C-alpha cells in the first residue's frame, strides 16, 4: 500500500533534540520589567532552553532551529557558528516576537543526522530531526498546545473538526511534565478509530506565566515550529485551543473557504460560549463530567473574544509570523515588503470561533462555575447546535 493511503501515528519527544544553554556557560536572564521580578516567576520562566527543536526543512535546503527569545546572551548567539563535517555553514538568524529562528543552508541531497554548533568558545553536537512535512502533504491539519487536558475533550475537539470540516491530521503538543499523559493521548486517538494522521509531541518546557506576555515563549515558538516542520506542504492549518470549536454558518468546511482567500489565510471572529447548560449544574461540578456539546448558549447579545485563524502555510511569506491571534509581519520592517499582510485583516464572514468558558482546567483564571440556562440572558447558538448534532450522534448524552 502506498504511504499516502495510510495514516501514521507517532509519539515524539522534543527533549530528544532540544538544546540547552548550560553547556555553553550561558543562561537566559530575567528582563527588567517594572513591578516584576525573577523570584515572582521563577517556577514558570524558562532560563535554560536555547532551542526547542532542530529539524530539516520541508525542501531539505535548510536545517532550522527554533527557540525562545535570547535575553542576556544576544551577542554570543549572533556570533554562533555551525559546522558540518568540519565545514562552516551559511547561517541566517531571524529575530521574531518572543521567538528566535536560525536557518542553516545545507546540501539538499545530503543526509544529515547531526551538526556542530560553536558558541561562547564551546562546541556542542546537535541532533537533527529528518524532514517531516511530507507526512502531512495535502492534509487538513489541526494543531494545538495543551497541558493535562482531559482526553475526552481532546477526542471531541478532533471529532468535531473531522466531521464538520474534513480535518484528517493532528499535530498536538502536550506540555505536561511527565510523558505519561502524552502516551495516553496517543493511545486514545489510536483507539478512537478516527482514521486520522496524528503526531503527539511531548514538550515539557516552562510555558511562562499568564502575564506578562513578554516572558511567554513556548506557544509562539510552537506555532513557528509546526509551521516549518510539519505543515508547509499541507492543504491548510487550523491552530486553535481544545476549548475552541470552529463553525461556518453556510455549513462549508473552513478548509474549503481558505482555499479561496486572497492572502492565503482567514481570521475567525471569536464568540464566548457561556457556562450555561440545560443539564443540572451540580452534576457538572467536576470538569471530568463536562463536554463541549453540553454548552451551546451565548449571552444575549453574544460576548466577543479574541479571534483565531486558518491558513495555507505555503502561501504565507516567510516574513510573516504565526501568532495565537493573527499572522503579522516580524520583524516589523517586513511590513514594507508585504503591505497587504500589514494593512488587511481578512475576516471570514461565514466563519466563527466558539470559545467555551467551561471547557477549561482554570490554568490561567477560575472558570469552574457553571449555571442553568436563563432564557432572559442566554440564547442558543443555532449554528453551533447544528454542528454538534452532526459531530455527536446524541449530544444530549455523554460516554
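In the numbering used here, the protein residues as written are 624 to 1022.
Quick reminder that beta carbons are idealized off the backbone N, C-alpha and C, glycines included.
Values in this document were obtained by computation on a predicted structure and should not be read as measured data.
| Item | Value |
| --- | --- |
| Start-end ranges of the alpha helix (DSSP H) lying completely within the stretch 668-707, minimum 4 residues | 697-701 |
| Where the alpha helix (DSSP H) containing residue 847 begins and where it ends | 841-848 |
| Reduced DSSP category for residue 980 - H, G, I as helix; E, B as strand; rest coil | coil |
| Classification of residue 790 by the beta-carbon crowding that lies within 10 angstroms, buried from 16 upward | buried |
| Distance CB(residue 793)-CB(residue 825) smaller than 8 angstroms | no |
| Cutoff 8 angstroms; reference residue 891; Cβ partners in own chain excluding five residues on either side | 869, 877, 930, 931, 932, 933, 970, 971, 974, 975 and 976 |
| With 16 other Cβ atoms within 10 Å as the buried cut-off, status of residue 1013 | exposed |
| Buried or exposed by the 16-neighbour rule on C-beta atoms within 10 Å, applied to residue 698 | exposed |
| Where the beta strand (DSSP E) containing residue 891 begins and where it ends | 888-896 |
| When 850, 686 and 831 are compared against residue 672, the one with the closest alpha-carbon | 831 |
| Reduced DSSP category for residue 996 - H, G, I as helix; E, B as strand; rest coil | coil |
| Every unbroken alpha helix (DSSP H) within the stretch 730-813, with a cutoff of 4 residues, ordered by chain | 774-788 |
| For residue 640, the residue or residues it bridges with in DSSP | According to DSSP, which records beta bridges pairwise, residue 640 is partnered with nothing at all. |
| Nearest to residue 897 (by Cα), restricted to the options 908, 911 and 918 | 918 |
| Simplified DSSP state of residue 961, which is helix, strand or coil | coil |
| Euclidean distance between Cα positions of residue 833 and residue 840 | 11 angstroms |
| Residue 906 - DSSP class collapsed to helix/strand/coil | helix |
| Residue 751 vs residue 736 beta-carbon contact at 8 angstroms | yes |
| Cβ shell of residue 685 (< 8 angstroms), same chain only, five flanking positions each side left out | 679, 726, 727, 728 and 729 |
| Short Cβ contact (8 angstroms threshold) for residue 701 with residue 675 | no |
| Residue 980 and residue 990 closer than 8 angstroms at C-beta | yes |
| Extent of the continuous beta strand (DSSP E) run through residue 934 | 927-934 |
| Reference residue 668; option with closest CA among 657, 889 and 692 | 692 |
| Cβ neighbours of residue 769 in the same chain (closer than 8 angstroms, five flanking residues each side left out) | 777, 795, 796, 797, 798, 864 and 865 |
| At least 3 beta-carbon pairs within less than 8 angstroms: the stretch 897-916 vs the stretch 847-857 | no |
| Status (buried if at least 16 other CB within 10 Å, exposed otherwise) for residue 960 | exposed |
| Identity of the residue in 985, 881 and 707 nearest residue 763 by Cα | 881 |
| Exposed unless 16 or more other CB atoms sit within 10 angstroms - verdict on residue 804 | buried |
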